[in-house]
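Protein chains in written order, with numbering that gives the first Met the number 0: chain A, 0 to 357; chain B, 0 to 290. C-beta atoms are modelled at their ideal positions from N, C-alpha and C, and glycine is treated no differently. It should be emphasised that the depicted structure is a prediction, and the values quoted were computed from it without experimental measurement.
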Amino acid sequence: MSAATPSAPRPDAEPLRIELAPLRSTPGIGTLLGYERAAGIPLHRRFFTVLAGVLLLTAAIVVALWWLGRIGMLERVPLLAGFGVFYGLLGAAGFLWYAVALSRRAKLALFAWTNGWAYADLLQDTRRPGAAFTRMRRSMERGVVASDDPRIPFELGIVHSVGSRDEGATLQRPFGFVELPLPVKVPHIVLRNRRRSIVPTLGLRGARMDLEGHFATTFQVLVPEGYQRDALYIFTPDLMARVLDLGAAGELELVEDRAYLYLPARTRFDAPDVMRGIIELAEELHRRLAARTAAYRDETAVPIAHGEGVTIGLGGQRLGGQGVSLLAVAATSAGVILSAGITAFALFGGNLLRSFGG
Amino acid sequence: MHPSARVDLNDLGSVVEWLIAQWWVWVIVGVVVLFFLVIWIMPAAKVKPSEKFSTDDREADAIALGFLQIVNMPSGPWNDPTAPALSANDKKHLVEMWGVPTRESWLAAIDRLVTVRRRRDVWVTCLSLRAELAQRLGRVPKAKEWIAAIVEAGGDKRDARGFVTAIESVEAQVRKLVGKDIVTPDLYVRTLDGYALGQAVGLTTWGVALGHADVPEARAIIRRINEEGRPAFSSWADFGLSYIVGRVMHWSDGSIGEKTFDKYGDGWSEFKAAATAKRNGPWASLPWRIG
């Protein structure tokens with residue numbers, strides 16, 4: 000670790016101006032259709048195709064119920080009408096959910112394009128180095144905004160774990176993320192949120208550190224063994240104070256030359272106030288992290304053959320293990336308990352019921 | 000009486016006897032045997048180069064680095080830098096997949112492949128440790144020795160075991176399918192850069208088809224990729240092994256299951272063709288070291 004004090008990056012002459020107006024207006028149908036074309040959304044996922052699908056489903060249900068009524072089946076099995084109404088409502092609710100998400104993404108795209116940033120409606124298998132990404136077999140990112148402005152270079156979006164034809168999805172709750180580049184590679188550090196963790200840290204090896212004051216009540220620092228001093232070097236009190244602004248909402252991870260700000264999936268990037276807050280926080284974190292890490296060197300790293308670009312020792316590159324999702328642990332435990340319960344009831348249920356009955 | 004009435008279905012011998020006596024059974028057996036014989040006897044397809052471009056000079060040698068990527072796409076004959084087989088749909092798909100709608104983005108994508116090379120620090124370090132250990136021992140290190148070296152360098156033992164097993168299993172699959180005469184037992188993976196470098200050459204030729212550059216510029220870019228990439232490898236087979244293992248490791252994230260190799264390691268047949276002289280494979284005739 001270098002003892003040299005890094006200098007803060009030179010402030011840019013022109014202050015950063017973010018245009019939030021596109022997030023304040025509700026996009027009309029014309030804007031939605033324009034967005035679908037500009038974002039290259041395939042035909043089968045476009046607004047009118049989905050609408051036509053829902054209307055067809057509704058029409059099919061109405062015709063089926065009418066026919067069942069004519070042949071007298073509904074009188075004999077009235078539950079069929081219940082099924083019809085249930086599926087009709089399910090289709091309507093699904094469409095509403097889809098339309099709201101589409102409208103939000105359209106706003107986000109307009110916001111990105113207005114500010115001269117790139118936007119992607121859907122990205123798959125981006126293979127970002129963050130621990131929450133690498134543990135997923137397949138990931139799908141929605142509404143990704145990317146800025147290459149040197150004052151605030153970032154990418155943000157919402158990530159979902161998805162399955163494929165051959166294998167199921169990794170159990171991982173969806174989450175929002177903001178990716179920030181760092182000037183150099185740093186050891187793997189995870190600031191785990193004690194109240195609501197997004198990155199599955201259960202099973203991740205390495206040292207667990209409790210830093211000072213309020214910080215320790217909200218965050219726990221996970222760092223590879225032997226890199227505790229390096230973590231303290233990077234996370235100075237002023238930086239920790241800013242990270243605390245994430246509060247109960249998020250987590251932070253430094254890995255390779257990237258910083259990840261993880262946020263709950265419900266984060267409304269399309270809400271102007273939320274977006275402004277996130278951009279301001281990201282800009283400040285980027286500036287402070289850049290200043291703090293620019294002069295960082297891992298003095299334990301030894302030069303290796305064909306290892307251009309590897310500046311961190313093997314022990315510091317990654318926290319060992321994959322990290323297990325609490326959701327997966329809970330689901331597995333529930334499954335085991337349920338099947339044990341069913342087996343026990345099947346074997347001894349009769350006696351049990353009899354014993355209750357006296 | 001109907002002939003099948005003589006068959007006692009409770010007696011397997013009787014059923015077999017009856018089957019042997021039927022002419023159509025022999026026809027089916029004959030067709031199946033003939034099918035497998037034809038496949039066995041038929042010579043494997045030869046590699047067809049483009050007649051418009053050279054196959055034995057420095058330019059051919061340079062573009063041959065992208066053989067696996069060009070043929071796997073497929074975007075045309077391996078020695079054709081204009082990727083003539085790309086359809087309008089293929090081009091649209093490539094632009095979307097690689098994010099190369101403009102000349103600048105195309106050049107940046109090639110540059111990323113040549114410099115960043117899809118590298119992951121942990122994998123690079125572990126493979127370098129293997130190479131250093133091999134140099135010290137004078138042979139390919141055993142899994143146990145390699146894992147011990149990783150742990151000694153500060154790596155996690157369980158993760159190291161997973162990575163070593165993944166690399167060795169893919170390596171063994173490639174050796175078995177391509178042949179020990181090509182991927183010799185003393186050959187082992189030291190870097191996964193082959194995949195990114197092969198892709199860089201492929202992407203350069205696709206850029207010509209997309210109208211981002213002309214042939215002379217593409218040739219110059221391919222020369223640069225060769226100059227920067229080749230020194231890390233000792234032979235075509237070394238490069239090919241690195242390409243296939245790199246491809247499998249990249250797309251599987253190092254998590255190798257039963258179907259992983261079938262899914263991502265399909266380039267082994269092109270590797271075999273490229274390295275076989277009888278099949279007109281360019282890697283069999285072109286020298287690895289240029290000038």
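Nearest candidate by alpha-carbon position, reference residue i, set the options
i        : options                                   : result
A:Gly129 : A:Gln316, A:Gly348, A:Ile336 and A:Gly349 : A:Gln316
A:Gly29  : A:Val242, A:Ala58 and A:Arg45             : A:Arg45
B:Arg135 : B:Ala148, B:Val123 and B:Thr124           : B:Ala148
B:Pro100 : B:Phe270, B:Leu202 and B:Val28            : B:Leu202
A:Ala264 : A:Phe174, A:Thr25 and A:Thr310            : A:Phe174
A:Leu260 : A:Val273, A:Met274 and A:Val242           : A:Val242
A:Gly314 : A:Gly249, A:Val254 and A:Gly156           : A:Val254
B:Leu285 : B:Gly264, B:Ile255 and B:Asp60            : B:Asp60
A:Tyr118 : A:Glu154, A:Gly87, A:Val53 and A:Leu325   : A:Glu154
B:Lys277 : B:Ala44, B:Val6 and B:Val173              : B:Ala44
B:Trp287 : B:Glu167, B:Leu11, B:Leu64 and B:Ile40    : B:Leu64
B:Ser234 : B:Arg218, B:Ile220 and B:Gly193           : B:Gly193
B:Ser241 : B:Val26, B:Ile40 and B:Leu186             : B:Leu186
A:Leu19  : A:Thr342, A:Ala300, A:Ile336 and A:Ile278 : A:Ile278
B:Leu191 : B:Arg118, B:Gly178 and B:Leu8             : B:Arg118
DSSP-derived helix/strand/coil call for residue i
i        : result
A:Val143 : strand
A:Leu56  : helix
A:Tyr261 : strand
B:Phe162 : helix
A:Pro5   : Bear in mind that the predicted position of A:Pro5 carries a pLDDT of just 36, short of 50, making it unreliable; the figure below should be weighed with that in mind. Of the three classes helix, strand and coil, the one that applies to A:Pro5 here is coil, per DSSP.
B:Leu11  : helix
B:Phe52  : coil
B:Val309 : The structure shown does not extend to residue 309 of chain B, since chain B spans only 0 to 290, so no value can be given for it.
B:Lys209 : The sequence shown places Leu at residue 209 of chain B, not Lys. Correct three-state label for B:Leu209: coil.
A:Arg191 : strand
B:Glu151 : helix
A:Pro186 : strand
A:Glu255 : strand
A:Ser332 : helix
B:Leu285 : coil
A:Phe268 : coil
A:Leu181 : strand
A:Ile341 : helix
A:Glu282 : helix
A:Leu155 : strand
A:Leu325 : helix
A:Ser160 : strand
Spatial distance of residue i from residue j (CA atoms)
i        : j        : result
A:Thr125 : B:Glu95  : 14 angstroms
B:Gly75  : B:Leu85  : 7 angstroms
A:Ala270 : A:Arg103 : 9 angstroms
A:Phe268 : B:Thr54  : 55 angstroms
A:Pro180 : B:Glu131 : 32 angstroms
A:Leu107 : A:Thr266 : 13 angstroms
A:Leu109 : A:Leu22  : 8 angstroms
A:Ala230 : A:Ile188 : 7 angstroms
B:Gly98  : A:Leu121 : 13 angstroms
A:Asn350 : A:Gly334 : 24 angstroms
A:Trp65  : A:Ala92  : 23 angstroms
B:Asp213 : B:Ala272 : 29 angstroms
A:Met208 : A:Pro223 : 11 angstroms
B:Val123 : A:Ala58  : 58 angstroms
A:Leu56  : A:Gly90  : 8 angstroms
B:Glu151 : B:Val121 : 14 angstroms
B:Asp252 : A:Thr133 : 8 angstroms
B:Trp267 : B:Leu176 : 7 angstroms
A:Leu15  : A:Arg150 : 7 angstroms
A:Arg136 : A:Leu67  : 45 angstroms
Residue i Cβ short of 7 angstroms to the ligand NAD heavy atom set
i       : result
A:Leu95 : Questions concerning the ligand NAD fall outside what the structure shown contains, since it holds no ligand whatsoever.
Any residues in the segment 106-133 of chain B with a beta carbon nearer than 8 angstroms to a beta carbon of chain A? Which ones, in chain order?
-> Here the close residues are Val115, Arg118, Arg119, Asp120, Val121, Val123, Thr124, Cys125, Leu126, Ser127, Leu128, Ala130 and Glu131.
Using a beta-carbon distance cut-off of less than 7 angstroms, what residues from the segment 279-296 of chain A approach chain B?
-> none
Runs of alpha helix (DSSP H) lying entirely within the segment 206-252 of chain A, each at least 4 residues, in chain order = 212-217, 227-233 and 236-243
When you check each C-beta in the segment 314-334 of chain A against every C-beta of chain B, which residues fall closer than 9 angstroms?
-> Gly314, Gly315, Gln316, Arg317, Leu318, Gly319, Gly320 and Gln321
Ranges of the alpha helix (DSSP H) found wholly within the segment 76-144 of chain A, counting only runs of at least 4 | As far as the segment 76-144 of chain A is concerned, its whole alpha helix (DSSP H) runs of at least 4 residues are 78-113 and 130-133.
Output, in sequence order along the chain, the residues in the segment 149-173 of chain A whose CB is closer than 9 angstroms to any CB in chain B.
-> Asp165 and Glu166
Complete runs of the alpha helix (DSSP H) confined to the segment 72-101 of chain B [at least 4 residues] | 87-97
May I ask you to list, following chain order, the residues of the segment 81-95 of chain B that have a beta carbon less than 8 angstroms from some beta carbon of chain A?
-> Glu95: these are the residues of the segment 81-95 of chain B whose beta carbon lies less than 8 angstroms from some beta carbon of chain A, given in chain order.
Cβ-based contacts, 7 angstroms cut-off: residues of the segment 194-214 of chain A near chain B = Arg204
Contact set between the segment 138-154 of chain B and chain A, restricted to residues whose Cβ is under 8 angstroms from the partner | Ile149, Ala152, Gly153 and Gly154
What are the residues of the segment 230-260 of chain A that lie near chain B, defined by any Cβ-Cβ distance shorter than 9 angstroms?
-> Glu255
Length-filtered (4 minimum) alpha helix (DSSP H) runs lying within the segment 226-262 of chain B = 235-251
Using a Cβ cut-off of 8 angstroms, which residues of the segment 196-227 of chain B contact any Cβ in chain A, in chain order?
-> none
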